[in-house]
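What follows is a set of notes on a single structure, which appears directly below.
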Amino acid sequence: MSTLAAARADNFYFGPNYDPNGGSLKYQRRMKLQGKRKPSRLDQYKIKSGPKIRFETPFHVKCLKCGHMIAKGVRFNAAKREVGKFHSTTILQFSMLCPSCKNTIVCKTDPENCDYNYTEGAVKWLSTEKATDMEFIPDPEQKIKEQSNAMFKLEVEVEKVKKNNLAPVLEDLQKYRLENWKDDFEKNLMLRKKFREEKQKYAQIEEEKNRVKNFGLPLEDLTKSEIRDIKDVKFHESNSRKQQREKRQEIMNQSILPSGRMNSQQQKQLEELNKKLSQMPAATRKIIKQQLMPKRNTIKF
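Residues in the sequence shown are numbered from 1 upward in steps of one, following UniProt numbering.
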């Protein structure tokens, strides 16, 4: 990057008309606007002042200075003024700038015909919404060229045939758009709902793709017979686990009372107690056994 380009990139470029005696550019701008409002883009091109509004182009227009076509619906920052009255209705004037050449464009309301008139800087452009109902007046020079040049005349005829074939298609597209997009809010809700559903669907597909699979290969779904065989499978436990469980059960079935001679009444009480203990959960039996073990020598029947 050159030194000049680097200076411009850092916003430290000083033009050839810069006077260092007046201070920095920032200081000069601040002193120039001291006590004044910052000029707008409309003031820069000497557009008559008025409240600034957003003006939407009512139809296709063409700039008279550069030939730029401004489509219907394009919005501008415009200066609004009252320039007269039609009976009791105020005639409004809107001044704006062409986005291509900064030409001043003036549009006025027409209360008599319920329309807009471009009085300066632009003219109304022909609409192609009903192209089959319009006839265009050919240019005299083009007409002379068609009479003298057979190839040019053939090209013009081919172009006319193409336009005639496309005109019904354009009308159908315009009709379809008006019928299906009349309610913009409902269509917007419908499109957003459809987008959310498709987004969730794509997210599920992406998650399924990223999921870890066996051996990295796709597997087929299980059949009913395979599912039934899987449910019938029984796993055998090892001998060590079996012995451990039996030993634990044997310990839990032991009497918590001291061994010795007991009469028939004590034997009966012991059986009833063991029966009640056997119906309790294992954790409860363990707690009772721990509580009674220190008192086994003091228990008397």
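Ideal Cβ placement from N, Cα and C applies to all residues, glycine included.
Leaving aside the five residues before and after V74 along the sequence, list all residues of the same chain whose C-beta is less than 6 Å from its C-beta, in chain order.
T57
Just reading off the beta strand (DSSP E) that E56 is part of, what are its end residues?
Per DSSP, E56 belongs to the beta strand (DSSP E) from K52 to E56.
Does N77 come out as helix, strand or coil in the three-state DSSP assignment?
strand
Through-space distance from R241 to K300, alpha-carbon basis
At K300 the pLDDT is 43, less than 50, meaning the model places this residue with poor confidence and gives no usable figure here.
Q267 versus I251: straight-line alpha-carbon distance, rounded
Taking the Cα positions, Q267 is about 20 Å away from I251.
At the level of alpha carbons, what is the spacing between K286 and S278?
11 Å
Collapsed DSSP secondary structure at L222 in the structure displayed
coil
Taking the C-alpha atoms as reference points, what is the distance between K145 and V156?
One C-alpha to the other measures close to 11 Å.
Compare the beta carbon distance of K62 and V123 with 8 Å and say whether it is the shorter of the two.
yes
Consider the Cβ of E206: report whether some Cβ of chain D lies at a distance smaller than 8 Å.
Here chain D cannot be found, since the structure has a single protein chain.
Using the C-alpha atoms, what's the distance from Y202 back to Y118?
51 Å
Closest to A79 by CA distance: which of S95, A283 and K65 is it?
When C-alpha distances from A79 are compared across S95, A283 and K65, the shortest belongs to S95.
Can you tell me whether A71 is helix, strand or coil according to DSSP?
coil
Between which two residues does the alpha helix (DSSP H) containing F94 stretch?
Looking at the DSSP string, F94 is not in any alpha helix (DSSP H); the run it does join, the beta strand (DSSP E), is T89 to L97.
With a threshold of 6 Å on Cβ separation, who are the neighbours of I227 within its own chain once the five nearest residues in sequence on each side are excluded?
none
Given P51, which residues of its chain have a CB within under 8 Å of its CB, disregarding the five upstream and five downstream residues?
Non-local beta-carbon contacts of P51 in its own chain, meaning distances under 8 Å to residues more than five positions away in sequence, involve A79 and K80 in chain order.
Going by the CB atoms, is the gap between Q93 and K108 shorter than 8 Å?
Yes, these two residues count as a Cβ contact at 8 Å.
State the start and end residues of the unbroken alpha helix (DSSP H) segment that holds N274.
S264 to Q279
Give the secondary structure of F185 by DSSP, where H, G and I count as helix, E and B as strand, and everything else as coil.
Assignment of F185 by DSSP, reduced to helix, strand and coil, places it in the helix class.
Of the choices T89, W125 and E271, whose alpha-carbon is the least far from that of H68?
W125
Report the residue from Q28, I91 and Y116 whose alpha carbon sits nearest the alpha carbon of H60.
Y116
Under 7 Å Cβ to Cβ from A282, same chain only, skipping five residues before and after it: list those, please.
M252
Should F55 and F76 be called a contact, given that it needs their Cβ atoms to be closer than 8 Å?
yes
Span of the beta strand (DSSP E), counted from its first residue to its last, around D115
D115 to E120
Alpha carbons only, please: which of S88, T90, L97 and E82 is nearest the one belonging to I70?
L97
For E82, does the three-state DSSP call read helix, strand or coil?
strand
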